[in-house]
Amino acid sequence: MDDYLEMLFKLGVIATIGKGKRSKKAIEACKKWKRVYFVTPSGTAAALSKRVKKSRVLAFEDLGPEAIYEIEVEDFPLIVAIDSNGNTIFKE
């Protein structure tokens with residue numbers, strides 16, 4: 118998905134959520150577009166799914182869980198893994 122991140126930011130995506138390290142290209146896109154990347158700890162999906170209030174597919178429905186979703190959440194803990202200045206919690 119990192120190859121398409123800048124395009125998604127151009128289209129209005131303001132943040133992405135994942136569970137691991139992103140490429141240098143993704144870090145640079147976050148910095149350029151002043152966007153953030155959030156992570157959730159591995160193994161928390163079942164618990165976090167109960168905090169999703171609304172969800173709808175915006176694009177690439179055929180990709181299933183890799184599709185682009187808009188979600189509305191409540192009390193959904195996230196960790197900022199890449200901030201809008203390109204700082205990251207991951208080692209280079």
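In our numbering, each residue carries its 1-based index in the sequence shown increased by 117. C-beta: ideal position from N, C-alpha, C; glycine also.
Check residue i in the structure and name its three-state DSSP category.
i: Phe193; result: coil
i: Phe177; result: coil
i: Ala162; result: helix
i: Lys149; result: helix
Could you compute how far the alpha carbon of residue i sits from the alpha carbon of residue j?
i: Ala184; j: Pro158; result: 20 angstroms
i: Ser166; j: Val153; result: 21 angstroms
Taking buried to mean at least 16 other C-beta atoms within 10 Å of its own C-beta, is residue i buried or exposed?
i: Arg139; result: buried
i: Arg168; result: exposed
Excluding the 5 residues flanking residue i on each side, which residues of the same chain have their C-beta closer than 6 angstroms to its C-beta?
i: Ile206; result: Ala198
Can you tell me where the beta strand (DSSP E) holding residue i begins and where it ends?
i: Ile134; result: 132 to 135
Which same chain residues, not among the five before or five after residue i, have their C-beta less than 8 angstroms away from its C-beta?
i: Phe155; result: Ala132, Thr133, Ile134, Gly135, Leu195, Ile196, Val197, Ala198
For the alpha helix (DSSP H) containing residue i, list its first residue and its last residue.
i: Phe207; result: Where Phe207 is concerned, there is no enclosing alpha helix (DSSP H), given that its DSSP letter is neither H nor E.
i: Lys127; result: 122 to 127
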